[in-house]
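Trainee: One structure, as structure tokens, below. Some questions next.
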Amino acid sequence: MPPRRDIHATPTVDELAQTVQRMAQLIGAAQPQNPGIDYATKVAGRNPPKYLGEEDHLILEDWIRTFDKLFDSLNCPSEQRVNIAVYYLHQEADHWWAANGPALLGQPGFDWEDF
Numbered sequence: 002m003p004p005r006r007d008i009h010a011t012p013t014v015d016e017l018a019q020t021v022q023r024m025a026q027l028i029g030a031a032q033p034q035n036p037g038i039d040y041a042t043k044v045a046g047r048n049p050p051k052y053l054g055e056e057d058h059l060i061l062e063d064w065i066r067t068f069d070k071l072f073d074s075l076n077c078p079s080e081q082r083v084n085i086a087v088y089y090l091h092q093e094a095d096h097w098w099a100a101n102g103p104a105l106l107g108q109p110g111f112d113w114e115d116f
């Protein structure tokens with residue numbers, strides 16, 4: 002004789018719906034808190050300096066330090082920092098990026114710290 006089923010062991014539709022709802026809440030909680038933030042616009046709103054490619058290394062260091070502080074204050078994700086910063090490269094610096102940027106971006110793990 003086959004074993005008897007316990008009718009109370011089978012979840013009801015309401016129990017299944019509650020389980021699915023709890024799963025959806027857990028998945029939602031695991032998502033980034035501000036996935037829709039436009040960091041490029043936030044950076045632009047702070048009027049960051051442009052880097053023109055001057056040979057004076059202090060100018061470049063100041064430019065990088067300014068962007069470090071700006072990115073940190075906005076909690077800008079590291080994967081967006083290079084793409085935002087290169088927008089502020091002009092003249093010689095922009096030409097350098099046009100020539101070297103694609104190869105740099107193609108390197109595994111290249112990010113703002115390597116920039």
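In this text, residue positions in the sequence shown follow our numbering: the first is 2, and each later residue adds one. By construction, the Cβ of each residue, glycine as well, lies at the ideal position given by its N, Cα and C atoms.
1) How long is the line joining the alpha carbons of ARG66 and TYR52, rounded to whole angstroms?
2) Taking the continuous alpha helix (DSSP H) assigned at ASP69, which residues delimit it?
3) Shortest alpha-carbon distance to ALA94 belongs to which of ASP57, THR13, LYS43?
4) Buried or exposed, going by whether 16 or more other CB atoms sit within 10 Å of the CB of ASP115?
5) On a CA-only basis, which of GLY46, LEU105, ASP112 is nearest SER74? Give me that one, please.
Mentor: This is what the structure holds:
1) 12 Å
2) 58-75
3) ASP57
4) exposed
5) GLY46
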